[in-house]
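The working numbering numbers the first residue of the sequence shown as 785 and each following residue consecutively.
A short worksheet on the structure shown next.
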Amino acid sequence: MDHEREVSSSGGQGLNKDKHNNARKQVMKRQIIMDDERDINQLADSFIKNFRNQLNIQREESFKRFQELISRGV
């Protein structure tokens, strides 16, 4: 099967519009991906910060339990 493309009477300007629209879409896709990467990075940073805070809390609680154990003489 042959697929023919009709050229508009505007002298091929339709093809230029298509190229321009495709370029715009590519830029928009890149921007969306960059925004998604920023969101992911922010989520990762928040997760890491929360994880470290939880580790510190657990370490402090463990130290307190240890101190209580020692103060009881066991």
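We put the beta carbon where it would ideally sit given N, CA and C, even for glycine.
Cβ neighbour criterion (16 or more within 10 Å) applied to residue i
i, result
"V791", "Unreliable placement is indicated for V791, whose pLDDT of 45 sits below 50; the coordinate value is still reported in the next sentence. Per the 10 Å Cβ criterion, exposed."
"E844", "exposed"
CB contact below 8 Å: residue i versus chain D
i, result
"I816", "The structure shown contains no chain D; it is built from a single protein chain."
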